[in-house]
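Worksheet: the structure to be examined is printed underneath.
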Amino acid sequence: MTTPIQSRVLDTAVNMLEQYTLCDRCLGRQFAWLSTNTSNSERGRSLKLVLSMMADDELKSENPDHGKKIIGLLAGHGMFKPAQTIAEKNSIEYGKSVDCHLCSTDGQSIFDKIEDVTKKAGELVKDVEFDHFLVGTVSFPLLDDRQDDLRAKYSLLHAEALKSDFSRELGKHLHEILKKEVEFERPHLVFLYDMVNDIVRLQINPVFIYGRYQKLVRGIPQSRWDCKDCKGKGCEECKGTGRRYPDSISEYVGDVAQRLLRGSRFKFHAAGREDIDVLMLGKGRPFVVEVSEPRIRTPDLVSLTKRINKESKKRIRVENLEMTNREHSQKIKEDASTNIKEYLAVIQTDGPVQKTELRRVEGEFSGIEIEQRTPTRVSHRRADLIRKKQIHEIRLKMLKNDSIEAFFKVQGGTYVKELISGDDGRTNPSIASKLGLVCVCKKLDVTAVYSNSS
Ligand SMILES: [Zn+2]
Ligand SMILES: [Zn+2]
């Protein structure tokens, strides 16, 4: 014969029922991590059934007192129908309970609201495109406290929180009516049920669209630039526009994307930025536009491309749009200071230049590292640091005797205008210091942005 069963699980169940009214689900939830492929209701019901069978057996023996007590508990605090039948047959008195200690407030179990909550949640997504979702619940503090107390009092090691039980149950119901899957890693939507206020909130997660932009006209900042006098409100200085510049690259891309995806906002992430007076040519600069709360997740990217290009009136141009993710957008930004960029510049000098001098300077810059202290012109928004930047290649061509065309292949984040002028010694060496002439950048274009992450 095997060892007689002495069950800690059954003892704990009886001890809890002596003190508290517990529905099947809440009793079962205290043992949620024991035995799989079943439900908390099934666990609780099984415990109550086993206990009432054992008690019924005792009732039929010579010493029925213990059995009577257990049937009374199950019929009363346990609200268990089979035990109530036994109690009535055997004239066992019990107090009628209706409100479960762990899931009821105002005379109603929170689980009885599930149909209603499911319906509310369903209403919220009538015109939202999504493939999968996740459910979260904000519980009643009172019910959480009761669960915590119970856990401590009975040393419950296998209990599950009310909110995770509720979320899972709601998830099952939503899966039924929405015909969409529950997804834990990257859900398109999150339904958040607030028990206290009985409200379902919908969180629509953003979408990310990758592409490259060219800037074909000078004078466009990458992001919206507010008027410094009125900070965007509109004043005389900005003729009521609230802006220092009428347009921006991020708005040309983001406004159209936001409209097409029926989102609420957008963010523009790019692999660095060019100055306002600098063109972005070649294959363009990598960017990711993030659209918040999109009601459409699978836009027609060809038509999005066309609309951006059309609405910008050829001031910018985007191409190769594709759907991507948050990690990619972060990587693009991180890589911006290490990737390689190419520029074409026109340099004005204050004196005549010799061809042989240009060859010498090209050689001296080949594969070296320069030091750049943050230029004065950007020091209001960037920390004053000395950065080391890799110069891969510089090629210089004489245009006139005081004018040079220069090609630069340098590390991302190099200040090219300062590499030309020397910025009063803050950049070292510079074209100016090597030529021994005052050098000014008259025109600058970015011709290539190489990216490791696109
Ligand atoms: Zn309950
Ligand atoms: Zn203004």
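Numbering-wise, this note's numbering comes out as the position in the sequence shown, counting from 1, plus 13. Glycine included, C-beta positions come from ideal geometry on N, C-alpha and C.
Exercise for the section: Going by CA-CA distance only, name the one from D161, L175 and K176 that's closest to L169. Expected result: On the sequence shown, position 156 is the one that residue 169 refers to. Restricting attention to D161, L175 and K176, the CA atom closest to the CA of L169 is found in D161.
Handout entry: Host beta strand (DSSP E) of K326 (start-end)
Key = In the sequence shown, residue 326 corresponds to position 313, counting from 1. No beta strand (DSSP E) contains K326, which DSSP labels as neither H nor E.
Handout entry: Residue burial classification, F146 (beta-carbon count within 10 angstroms, cutoff 16)
Key = Counting from one through the sequence shown, the residue named residue 146 turns up at place 133. By the neighbour-count rule (16 or more Cβ atoms within 10 Å), F146 is buried.
Practice task
Measure from the alpha carbon of N333 to the alpha carbon of each residue in A100, H393 and K296, then state which is nearest.
Solution key: Within the sequence shown, the letter at position 320 stands for residue 333. Closest by alpha carbon: K296.
Exercise for the section: Say yes only if the C-beta of S122 is nearer than 7 Å to one or more non-hydrogen atoms of ligand 1, and no if none qualify. Expected result: Your numbering for residue 122 matches position 109 in the sequence shown. Closer than 7 Å to some heavy atom of ligand 1: that describes the Cβ of S122.
Exercise for the section: With DSSP as the reference, label G295 as helix, strand or coil. Expected result: One-based indexing of the sequence shown puts residue 295 at position 282. Correct three-state label for G295: strand.
Practice task
Using only alpha-carbon positions, find the residue among L450, V429 and V462 that is nearest to K456.
Solution key: Locating residue 456 in the sequence shown gives position 443, where the first residue counts as 1. If we check each option's Cα against that of K456, V429 comes out closest.
Handout entry: Under the three-state DSSP convention, the category Y223 falls into
Key = Residue 223 sits at position 210 when you count from the first residue of the sequence shown. Strand, per DSSP.
Practice task
Please state whether DSSP places S117 in a helix, a strand or coil.
Solution key: Counting from 1 along the sequence shown, the entry for residue 117 is found at position 104. The answer is strand: DSSP assigns S117 an E or B state.
Problem - Near ligand 2: D260 beta-carbon under 7 Å from a heavy atom - result: As a working mapping, residue 260 is identified with position 247 in the sequence shown. Not one heavy atom of ligand 2 is found less than 7 Å from the C-beta of D260.
Problem - DSSP bridge partner residues for E384 (one or two, in chain order) - result: Here residue 384 refers to the residue found at position 371 of the sequence shown. Answer is K401 and N441.
Problem - Within 5 Å of ligand 2: residues by beta-carbon to any heavy atom - result: Counting only heavy atoms of ligand 2, the residues whose C-beta sits closer than 5 Å to one of them are, along the chain, C240, D242, C243, C248, E250 and C251.
Practice task
Starting from the C-beta of I262, find all residues in its chain whose C-beta is less than 7 Å away, skip the five residues before and the five after it, and write them out in chain order.
Solution key: Locating residue 262 in the sequence shown gives position 249, counting from the first residue. Same-chain partners within the cutoff: Y226, K228, I233, Q235 and I329.
Exercise for the section: Give a yes or no on whether the C-beta atoms belonging to A461 and K346 are separated by under 8 Å. Expected result: Within the sequence shown, residue 461 is the residue found at index 448, counting from 1. Within the sequence shown, residue 346 is the residue found at index 333, counting from 1. Not a contact, by the Cβ cut-off of 8 Å.
Practice task
Taking C243 and S122 to be in contact with their CB atoms under 8 Å, please state how far apart those CB atoms are, rounded to whole angstroms.
Solution key: Numbered from its first residue, the sequence shown carries residue 243 at position 230. Numbered from its first residue, the sequence shown carries residue 122 at position 109. Actually they do not touch by this definition, with Cβ atoms about 56 Å apart.
Exercise for the section: At 3 residues or longer, and completely inside the segment 23–103: list those beta strand (DSSP E) runs for me, N to C. Expected result: Qualifying beta strand (DSSP E) stretches: none in this window.
Exercise for the section: Indicate, with yes or no, if ligand 1 has a heavy atom lying under 7 Å from the CB of R38. Expected result: Counting from one through the sequence shown, the residue named residue 38 turns up at place 25. Correct: R38 has its Cβ closer than 7 Å to ligand 1.
Exercise for the section: Within its chain, find whatever has a CB closer than 6 Å to the CB of R257; leave out the 5 residues flanking it on each side and keep chain order. Expected result: Counted from its first residue, the sequence shown places residue 257 at position 244. Closer than 6 Å at the Cβ level, and outside the excluded window around R257, lie W238 and C240.
Problem - Option in R400, K94, L317 and I383 with minimal Cα separation from E335 - result: Locating residue 335 in the sequence shown gives position 322, where the first residue counts as 1. Considering only alpha carbons, the answer is L317.
Handout entry: C-beta atoms of L371 and L409 nearer than 8 Å
Key = On the sequence shown, position 358 is the one that residue 371 refers to. On the sequence shown, position 396 is the one that residue 409 refers to. Their beta carbons are under 8 Å apart, which means L371 touches L409 by this criterion.
Problem - Supposed contact pair L448 and T362 - C-beta distance, whole angstroms, cut 8 Å - result: Reading the sequence shown from its first residue, position 349 is the one you call residue 362. Reading the sequence shown from its first residue, position 435 is the one you call residue 448. In this structure T362 is in contact with L448, their Cβ atoms being roughly 7 Å apart against a cut-off of 8 Å.
Exercise for the section: List the DSSP bridge partners of K410. Expected result: Looking up residue 410 in the sequence shown gives position 397. Per DSSP, E418.
Handout entry: Range of the contiguous alpha helix (DSSP H) that encloses Y265
Key = Numbered from 1 along the sequence shown, position 252 holds the residue referred to as residue 265. Note, Y265: alpha helix (DSSP H), I262 to L273.
Exercise for the section: Please indicate yes or no: does the CB of L115 lie closer than 7 Å to some heavy atom of ligand 1? Expected result: Residue 115 sits at position 102 when you count from the first residue of the sequence shown. The answer is yes for L115.
Problem - Beta-carbon proximity check, T254 vs M208, cutoff 8 Å - result: Here the question's residue 254 lines up with position 241 in the sequence shown. Here the question's residue 208 lines up with position 195 in the sequence shown. Going by C-beta atoms, T254 is not nearer than 8 Å to M208.
Problem - Close Cβ partners of I190 (< 7 Å) along its chain, the five nearest in sequence each way excluded - result: If you number the sequence shown from 1, residue 190 lands on position 177. Residues T131 and G135 of the same chain have their beta carbon placed closer than 7 Å to that of I190, with the five preceding and five following residues left out of the count.
Practice task
For S305, name the three-state secondary structure that DSSP assigns.
Solution key: Position 292 of the sequence shown holds residue 305. Residue state, collapsed to three classes: strand.
Handout entry: L156: CB within 7 Å of a non-hydrogen atom of ligand 1
Key = The sequence position of residue 156 within the sequence shown is 143, counting from 1. Result no, Cβ not under 7 Å from ligand 1.
Handout entry: Stretch pair the segment 110–121 + the segment 77–84: three plus CB contacts closer than 8 Å
Key = Fewer than three pairs of CB atoms, one per stretch, sit closer than 8 Å, so the segment 110–121 makes no contact with the segment 77–84.
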